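One point on numbering: in our numbering, the residue at position 160 of the sequence shown is 245, and numbering is uninterrupted. What follows is one structure encoded as structure tokens, with my remarks underneath.
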Amino acid sequence: MLMVKDCTTVWHNCLQVIKDNIGEQSYKTWFEPIVPLSLAGNVLTIQVPSQFFYEWLEEHYVGLLKKVVFQELGSEGRLEYSIIVDQGNDHSKPQTVNIPTKKVPAAVANSYSPERSFLKNPFESKAIDRHFFNSQLNQSYTFENYIEGDCNRLARSAGYAVANKPGTTSFNPLMVYGGVGLGKTHLVQAIGNHIKGNNPDKFVLYVSSEKFVNQFIESLKTNSVQDFANFYLLVDILIIDDVQFLSGKEKTQEMFFHIFNHLHQSGKQIVMTSDCPPRDLKGLEERLLSRFKWGLTADLQSPDFETRMAIIQKKMQSDGIHIPDNVIEYLAYSVDTNVRELEGVLISLIAQSSLNRKEIDLELAKAALKHIIEDVETEVNLDFIQKTVAEYFQVSLDSLKAKTRKKEIVTARQVAMYFAKEYTSHSLKSIGYHFGGRDHSTVIHSVQTVSDLIDTDKKFKASIQELQKKFKVKAV
Ligand code: ADP
Ligand code: MG
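Listed below in structure tokens is the structure:
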């Protein structure tokens, strides 16, 4: 009886033999993605994902392939490749070109290297050994030294889940967003380090979007886009930082879209960060944005007072430096913008302490802070507001911070609080703290009282306007 062989069966039989002859990882990488397309006479056509893929097969497995084709189709048997040259998109099908079996000498020797130190010629080895790849991870970013607080609870726990089960939770992709210095990079690097620690053979890659864009542009210039793509398709866990940087870069986005889809479909984990929520990412293609929504989006907020205290304590502890509790408290109250700034203040404080051979105390902390705040902020600072308002109302500076309830002092204090709210980025809590440890509801009440008086009392309004001029001049 004549058996009509079909391409699927033939290829299936080939795979059985191939499987027994090479390592599991190589099999998965190089043979599972192949799709048998047709069997015409003695020509078996298989589809491979890229030119590079084809070259790799021919370079490394040509002997094995010849052997299995011979076993299946006899001495006349031939193999033909159909190579996908364009992955296509929602509207168009992938484009392919067909190439008959032929040896491509040394094609792989010129394999892609986005950056030499980065790749260290990974394709040299016969089987893909992911140890060759540099993950670009900074080992000092861990979960252990990432302080948990209300500001980051969801992002942190989702990150932790992903780190323990990359690619298999519903948090794929995981998108972490938040303002500068709030710990996005730290968190996603911690995810990478955790995965790497548990699975040394997984290829974890951290890349900033800026670097991704630059590598892509470079590959366009050197005609090696396919290699660029192939490199990224090998990644098991892709961590891409600051995707807002892809805004408006259409070609790069398109490439990222293909890589994203491929990795996601193969159950690989994708982790991203952005400085704003996905819906506000201007200049990013809708189809890409909709992909981001497949997983989980979690935000990072500014840390609250207690979390800032804990962060300072942890940093000091790991540096082996002791600072008194009242200083920690003072710092945590005063720097409420972001963690990076808080760290900057700490570093400056430690530097000044060692330069001047002085213990870290409140006085030194105040001096250090003044220096930094004047450097980075163009806004009026609290001290200046208090001093100016005290002078204007002819009351002492201390009385603004004291408990006294004398009418003229209460008014001056309320006005100073009003300006502190208006012209500084201090939180209500922090303003209260700087006015003799009052709570935030007192600050709200003061601001309200002053606003009401401005509306109802012309003379009072004029005083406020006069004061305002002093602050405005300084603020520009
Ligand atoms: P982003 O990437 O959001 O701009 P980073 O991750 O670079 O911010 O964080 C800035 C600095 O603050 C880093 O040194 C980081 O270690 C530190 N940091 C941020 N959040 C935390 C946290 N929750 N616990 C400990 N350190 C933190
Ligand atoms: Mg960052």
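Virtual Cβ for every residue (Gly too), placed ideally from N, Cα, C. No experiment lies behind these values; they were computed from the predicted model shown.
Q. Buried or exposed: Val247, going by 16 or more other Cβ atoms within 10 Å of its Cβ?
A. For the purposes of this step, residue 247 is taken as residue 162 along the sequence shown, with counting starting at 1. Buried.
Q: Starting from Gln132, trace the beta strand (DSSP E) both ways and give me its first and last residue.
A: Counted from its first residue, the sequence shown places residue 132 at position 47. Unbroken beta strand (DSSP E) run through Gln132: Val128 to Val133.
Q) By Cβ distance below 6 Å, which residues in the same chain neighbour Val328 in space, the five residues on each side in sequence not counted? A) Here residue 328 refers to the residue found at position 243 of the sequence shown. Only Ser294, Met357 and Ser359 meet the Cβ criterion.
Q: Would you list the residues whose beta-carbon is nearer than 5 Å to any heavy atom of the ligand ADP, in the order they occur in the chain?
A: Tyr231, Ile232, Val265, Gly266, Leu267, Gly268, Lys269, Thr270, His271, Ile396, Val424 and Arg425
Q.
Assuming Val328 is part of the beta strand (DSSP E), what are its boundary residues?
A. The sequence position of residue 328 within the sequence shown is 243, counting from 1. Careful: Val328 lies outside any beta strand (DSSP E) and carries neither H nor E.
Q. What residues in its chain sit with their C-beta under 6 Å from that of Ala497, if we drop five residues either side in the sequence?
A. Sequence index remark: in the sequence shown, residue 497 carries index 412 (1-based). Same-chain partners within the cutoff: Val474, Phe478 and Val480.
Q: Please determine if the stretch 296–305 and the stretch 256–270 are in contact, where contact requires at least 3 C-beta pairs separated by less than 8 Å.
A: no
Q: Assign Val535 to one of two classes, buried (16 or more other C-beta atoms within 10 Å of its C-beta) or exposed (fewer than that).
A: Residue numbering aside, residue 535 sits at position 450 when the sequence shown is read from its first letter. With 16 or more other Cβ atoms within 10 Å, it is buried.
Q: Could you check what DSSP says for His216 in three-state terms: helix, strand or coil?
A: Here residue 216 is taken as the residue at index 131 of the sequence shown, counted from 1. Note on His216: pLDDT 49, under 50, position unreliable in the model; no value is reported.
Q.
Which same chain residues end up closer than 7 Å to His516 when comparing Cβ atoms and leaving out the 5 residues on each side of it in sequence?
A. Reading the sequence shown from its first residue, position 431 is the one you call residue 516. In the sequence under discussion, the amino acid at residue 516 is Ile, which differs from the His named in the question. Closer than 7 Å at Cβ, skipping near neighbours: Met502, Ala505, Lys506 and Val528.
Q) Straight-line CA distance for Leu485 to Ile494? A) As a working mapping, residue 485 is identified with position 400 in the sequence shown. As a working mapping, residue 494 is identified with position 409 in the sequence shown. For Leu485 and Ile494, the distance between alpha carbons rounds to 7 Å.
Q. Contact between the stretch 417–426 and the stretch 436–444: three or more CB pairs below 8 Å?
A. no
Q: Would you check if the stretch 221–232 and the stretch 277–292 touch, i.e. whether three or more CB-CB distances between them fall below 8 Å?
A: yes
Q) Tell me which same chain residues have a C-beta within less than 8 Å of the C-beta of Ala453, skipping the five on either side of it? A) The residue labelled residue 453 in the question sits at position 368 within the sequence shown. Excluding residues within five positions, the ones whose Cβ falls inside 8 Å are Val430, Ser433, Leu434 and Gln437.
Q.
Residues in the same chain with beta-carbon distance under 6 Å from Gly244, minus the five sequence neighbours each way, listed in chain order, please.
A. Against the sequence shown, residue 244 aligns to sequence position 159. Same-chain partners within the cutoff: Leu272 and Ile276.
Q.
Quick check on DSSP: helix, strand or coil for Leu552?
A. Locating residue 552 in the sequence shown gives position 467, where the first residue counts as 1. Note: Leu552 maps to helix in three-state DSSP.
Q. Any chance the CB of Asp327 is under 8 Å from a heavy atom of the ligand MG?
A. In the sequence shown, the residue the question calls residue 327 occupies position 242. Indeed, a heavy atom of the ligand MG lies less than 8 Å from the Cβ.
**Q.** Extent of the continuous beta strand (DSSP E) run through Ser123
**A.** By one-based count along the sequence shown, residue 123 stands at place 38. That run of the beta strand (DSSP E) goes Val120 to Ala125.
Q: Could you please give me the residues that DSSP links to Gln354 through a beta bridge?
A: Taking the first residue of the sequence shown as position 1, residue 354 is located at position 269. Answer is Ile322.
Q. Can you give the beta carbon distance from Glu428 to Lys399, rounded, assuming they're within the 8 Å contact cut?
A. The residue you call residue 428 lines up with position 343 of the sequence shown. The residue you call residue 399 lines up with position 314 of the sequence shown. The pair is not a contact, with the Cβ atoms about 11 Å apart (cut-off 8 Å).
Q: State the start and end residues of the unbroken alpha helix (DSSP H) segment that holds Thr270.
A: The residue labelled residue 270 in the question sits at position 185 within the sequence shown. Run containing Thr270: Lys269 to Asn283, per the alpha helix (DSSP H) assignment.
Q | CA nearest to the CA of Ile119, picked from Ile549, Tyr112, Val133 and Leu129 | A | Within the sequence shown, residue 119 is the residue found at index 34, counting from 1. Nearest C-alpha to Ile119: Val133.
Q: Kindly examine the ligand MG and report whether one of its heavy atoms sits closer than 8 Å to the Cβ of Thr358.
A: In the sequence shown, counting from the first residue as 1, residue 358 sits at position 273. Yes; taking the cut-off as 8 Å, the Cβ of Thr358 has a heavy atom of the ligand MG nearer than that.
Q: Taking Leu385 as part of the beta strand (DSSP E), name the residues at either end of that continuous run.
A: Reading the sequence shown from its first residue, position 300 is the one you call residue 385. Here Leu385 belongs to no beta strand (DSSP E), and DSSP marks it neither H nor E.
**Q.** Whole-angstrom C-beta distance between Ser332 and Lys367, which should lie under 8 Å
**A.** Locating residue 367 in the sequence shown gives position 282, where the first residue counts as 1. Locating residue 332 in the sequence shown gives position 247, where the first residue counts as 1. Lys367 to Ser332, Cβ: 6 Å. Contact.
Q. How about Leu385 and Ala240: do their beta carbons lie closer than 9 Å?
A. Counting from 1 along the sequence shown, the entry for residue 385 is found at position 300. Counting from 1 along the sequence shown, the entry for residue 240 is found at position 155. Cβ distance < 9 Å, so Leu385 and Ala240 count as in contact.
(Q) According to DSSP, is Ile168 part of a helix, a strand, or is it coil? (A) Residue 168 sits at position 83 when you count from the first residue of the sequence shown. Residue state, collapsed to three classes: strand.
Q. What are the start and end residues of each continuous beta strand (DSSP E) run of 3 or more residues lying completely inside the stretch 483–532, in chain order?
A. none
Q: Give the secondary structure of Val289 by DSSP, where H, G and I count as helix, E and B as strand, and everything else as coil.
A: Residue numbering aside, residue 289 sits at position 204 when the sequence shown is read from its first letter. Reduced to three states, the DSSP call for Val289 is strand.
Q: Please determine, among Thr130, Arg163, Lys151 and Gln156, the residue with the shortest C-alpha to C-alpha distance to Ile169.
A: To locate residue 169, count along the sequence shown from 1; it is residue 84. Comparing Cα-Cα distances from Ile169 to each of Thr130, Arg163, Lys151 and Gln156, the minimum goes to Thr130.
(Q) Is the separation between the beta-carbon of Asn466 and that of Lys451 shorter than 9 Å? (A) As a working mapping, residue 466 is identified with position 381 in the sequence shown. As a working mapping, residue 451 is identified with position 366 in the sequence shown. In this structure, Lys451 does not lie closer than 9 Å to Asn466 by Cβ.
Q: Taking 9 Å as the cut-off, decide whether the C-beta atoms of Ile408 and Ile445 are in contact.
A: Along the sequence shown, one-based indexing puts residue 408 at 323. Along the sequence shown, one-based indexing puts residue 445 at 360. Cβ atoms of Ile408 and Ile445: closer than 9 Å.
Q) If you drop the 5 nearest sequence neighbours on each side, which residues of the same chain put their C-beta closer than 7 Å to that of Glu426? A) To locate residue 426, count along the sequence shown from 1; it is residue 341. These residues qualify, in order along the chain: Gly266 and Val420.
Q. Exposed or buried, what is Gln338 when buried is set at 16 or more other beta-carbons lying within 10 Å of its beta-carbon?
A. Here residue 338 is taken as the residue at index 253 of the sequence shown, counted from 1. When all chains shown are included, Gln338 counts as buried.
Q. Looking only at its own chain, which residues have a Cβ that is under 6 Å from the Cβ of Lys104, when we skip the five neighbours before and after it?
A. Within the sequence shown, the letter at position 19 stands for residue 104. Closer than 6 Å at the Cβ level, and outside the excluded window around Lys104, lie Tyr112.
Q: State the DSSP-derived secondary structure class of Val261, mapped to helix, strand or coil.
A: Sequence index remark: in the sequence shown, residue 261 carries index 176 (1-based). Of the three classes helix, strand and coil, the one that applies to Val261 here is strand, per DSSP.
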